[in-house]
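Engineer: Dropping a structure here in structure tokens format, bear with me for questions.
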Amino acid sequence: DGEGNAEYLTAVIRELLRSTEFVDGLTGEGWQLWIDQLTGLTNLTVDKVTARQSLVALELLIEKVRSVCGQLVVSAANGKIKDVVKQGDNYRIVFEQESGFVAHDLMRCAVTGGKKLKAYWVEVASVIAGGVLVPVSEFGGVKPEAGDECVLMGNTETPLRQNLISIAATEDGQPRIDILDGVKAKNFNGCLRCRLGKLDGIRSSAFPADKQPKGNGLYADNVWLKGTFVLMTGEDILTRFEITEGKIHSAVESLRKEIREEQSYLDNSSFADGMDKWKTGSKATLFTLGGRWIWANGGPYGTKPDGHAEIRTDGKVPYAYIRNSYIMQKLEDFRLVPEYRQTNSQGERVPGVVYLSFSYRVIKAGRLKIEFVNADKTGFENFNMFGHEEDLPVGGEKMFTLDGLWN
């Protein structure tokens, strides 16, 4: 009928029958009756089954779902305390079974729900048979007890033991899976390498203040994705770009300033505000007579500068005109300066990848040079700093793109 209801005497469904929305598994939704293409078996997923009389099952498989209330940490060591004895300035802690803790491990216990609240994060001094020795001063007045469950959450010396995975579904309403690396102190500052789930708790200097991560998604240092990507419209990205190929250019032109300003580390990268935030070094010599400038043709008379750089607005968008000169932006004028906290196995910081892209036209052949001036690599692993130099012949408008490392 007009409301979408139908009545059938018989119906043959060859492959699939389902609700409009369906996700399989314990946390899924909807219902589906289908034939598995791999096994050829018929499957039915629903929320509840009621058999008024008999249920005949030639094979009945019941799967038990285990849950962890709060937070689960996966790391290289963990253990449940069997016995604690105070020996001088140390606690002698013995575990119920082999724990895997080693010297300089950061061992943490945290109970944040229920009537019994307890938390300590301590550094292991040494390993003993079946357990560890930890200075009493590490506990800050909290007493370790039998039954405490401890987990490795960092190491002060060994980079290979400074990583962990955290799976959390707590009352803060932010279910998430976190991958952390570089935990070498009793904090997680700069250690989050990847998060899958609710991103609202992340604040990063890599993004503008009004474009911080939020909602459910993926946040990571690097992401490699392959396959088909489907837009909210139901189209895949490849099809979408094929359809709109003729419209891409005009859309990019109209949004060029917004995209540049929002994603660039440089300030005024579209030159919309002239030479603001930019500097150049070439100047002309002005002639004087009797302490006064000599004026000619409505302006001061002087030599033509050896080089010259200025922002011009006689084209579609503002652009920099450079002749035997340069434009430069100082670090303190950058719109955004990223923080590189990731370290290698030797404890040296790792530089990040930066990208440079601009369109240009050469009206007189010359040499192009791009570089970070007075760069300091102290504290970083050895790397080749972002830079480029080449001779450019006269030619029409082209696109220049380059990527490299910067600290």
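For the sequence shown, the UniProt record's numbering assigns the number 1 to the initial residue and increments by one for each residue that follows. The beta carbon of each residue, even a glycine, is placed where N, CA and C say it ideally should be.
#1: Judging by CA-CA distance, which residue of M107, R195, I202 is the nearest neighbour of P213?
#2: Reducing DSSP to helix, strand and coil, say where E7 ends up.
#3: Which residue or residues does DSSP assign as beta-bridge partners of Q346?
#4: Consult DSSP for L17 and reduce its assignment to one of helix, strand or coil.
#5: Mind checking whether E29 and E21 have CB atoms under 8 Å apart?
#6: Can you give me the C-alpha to C-alpha distance between residue 441 and S99, rounded to a whole angstrom?
#7: Output the boundary residues of the beta strand (DSSP E) element that contains P135.
#8: Does the count of Cβ pairs from the segment 123-133 and the segment 159-177 closer than 8 Å reach three?
#9: Please determine, among T401, H388, N407, the residue with the shortest C-alpha to C-alpha distance to Q342.
#10: Could you pull out every residue in the same chain whose Cβ sits closer than 6 Å to the Cβ of Y265, ignoring the five residues on either side in sequence?
#11: Decide yes or no for the touch test of the segment 214-230 against the segment 184-200: beta carbon pairs closer than 8 Å, at least 3 of them.
#12: Comparing the CB of L55 with every heavy atom of the ligand GDP, is any distance shorter than 7 Å?
#13: Out of S357, G147, L289, Y321, which has the shortest C-alpha to C-alpha gap to M275?
#14: What's the C-alpha gap between L133 and L180?
#15: Closest to I327 by C-alpha separation, out of T313, V317, G307, P338, would be which residue?
#16: Round the Cβ separation of G154 and K184 to the nearest angstrom and send it over; I've been treating them as touching at under 8 Å.
#17: Along the chain, where does the beta strand (DSSP E) containing Q32 start, and where does it finish?
#18: Beta-carbon within less than 7 Å of D36's beta-carbon, same chain only, minus the 5 sequence neighbours each way: which residues are those?
Structural biologist: Answer, in terms of the structure:
#1: When C-alpha distances from P213 are compared across M107, R195, I202, the shortest belongs to I202.
#2: coil
#3: Answer is none; Q346 lacks a bridge partner.
#4: strand
#5: yes
#6: For the chain, the structure presents residues 1 to 407; residue 441 sits outside this window and is missing.
#7: Judged by DSSP secondary structure, P135 falls within the beta strand (DSSP E) whose first and last residues are 131-135.
#8: The count of Cβ pairs closer than 8 Å, one atom from the segment 123-133 and one from the segment 159-177, stays below three, leaving the stretches out of contact.
#9: N407
#10: F334, L336
#11: yes
#12: Questions concerning the ligand GDP fall outside what the structure shown contains, since it holds no ligand whatsoever.
#13: Comparing Cα-Cα distances from M275 to each of S357, G147, L289, Y321, the minimum goes to Y321.
#14: 26 Å
#15: G307
#16: Sure, about 6 Å apart at Cβ, within 8 Å.
#17: 32-35
#18: N43
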